[in-house]
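Please read the structure below before turning to the comments.
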Amino acid sequence: MSAYESYYPTGAPAGYTGSPGDGNNCTSCHGGTATTSPGWITSDIPGSGYIPGVTYQITATNSLAGNGKKYGFEVSPQNTSGTLLGTLTAGTGTQLVGNGKYVTHSLATLVTNSWTFSWTAPVAGTGNVTFYGAFARG
-7 MSAYESYYPT
3 GAPAGYTGSP
13 GDGNNCTSCH
23 GGTATTSPGW
33 ITSDIPGSGY
43 IPGVTYQITA
53 TNSLAGNGKK
63 YGFEVSPQNT
73 SGTLLGTLTA
83 GTGTQLVGNG
93 KYVTHSLATL
103 VTNSWTFSWT
113 APVAGTGNVT
123 FYGAFARG
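If you read the sequence shown in the numbering used here, its first letter stands for residue -7, the second for the next number, and so on.
Next comes the structure, spelled out in C-alpha cells:
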C-alpha cells in the first residue's frame, strides 16, 4: 500500500500536526501536498487570553468536502519548541495520543467533520500557546 492510500480510521499517530516541534504533517502518511485551508480551530478562550488553570472547550472542524471520504484530524497546543502547553482532555469521538500531547479522532466517519475536546490552560507565565492542527479526508 502506498503512503498516499494510507489513512488512520481509528486516530492519527502522534506528531503530525505540522508544528515546528513535530516536523511532520498529514502528508507524511497521506501523501499529496499540505494546504493552509482545510480546517479551523475555534474555542471559548477569551480574546484577552487564557486564564491559567481554567478549562476551555476547543473545536476542530475539517472543512474539506466529503465526497464519500472519511474525515480526521490531529491537534496539539504547543510552544515553538514543540512542548505541550496545558492539558488536553478527550471529548466525544476523540482520543489522546502521544502521552496526552495530541488529540485526534477516535473513529473517522463520513458524517462527523467537527470534534470538541477540552484544554486546561497552563500555569501563569507560560506565555503564548499555539494550537497546531492537521486535517485530512481520506
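We put the beta carbon where it would ideally sit given N, CA and C, even for glycine.
Limits of the beta strand (DSSP E) - the one that residue i falls within
i, result
"S98", "Per DSSP, S98 belongs to no beta strand (DSSP E) and is neither H nor E."
"S110", "106 to 112"
"G41", "Counting along the chain, G41 falls outside any beta strand (DSSP E), and DSSP gives it neither H nor E."
"T84", "It is not in any beta strand (DSSP E) - T84 carries neither H nor E in the DSSP assignment."
"I37", "Premise fails: I37 is in no beta strand (DSSP E) and is neither H nor E."
Simplified DSSP assignment, three categories, for residue i
i, result
"Q9", "It should be noted that the sequence gives Thr, not Gln, for residue 9. Note: T9 maps to coil in three-state DSSP."
"V115", "coil"
"G90", "coil"
"T145", "Since the displayed the chain opens at -7 and closes at 130, residue 145 lies outside it and no answer follows."
"S68", "strand"
"S55", "coil"
"I50", "strand"
Separation of residue j from residue i, as counted between CA atoms
i, j, result
"F65", "F127", "4 Å"
"V115", "G83", "22 Å"
"T53", "N120", "22 Å"
"V103", "T96", "16 Å"
"S73", "G13", "5 Å"
"T9", "S110", "18 Å"
"G39", "T112", "16 Å"
"T122", "D36", "15 Å"
"R129", "V46", "32 Å"
Candidates the options: closest to residue i by CA position
i, options, result
"P44", "G117, N54, R129", "G117"
"S55", "G92, L80, I33", "I33"
"G139", "P12, T51, V46, G41", "Absent from the model: residue 139. The displayed extent of the chain is -7 to 130, so no value can be given."
"L88", "S68, T122, R129", "S68"
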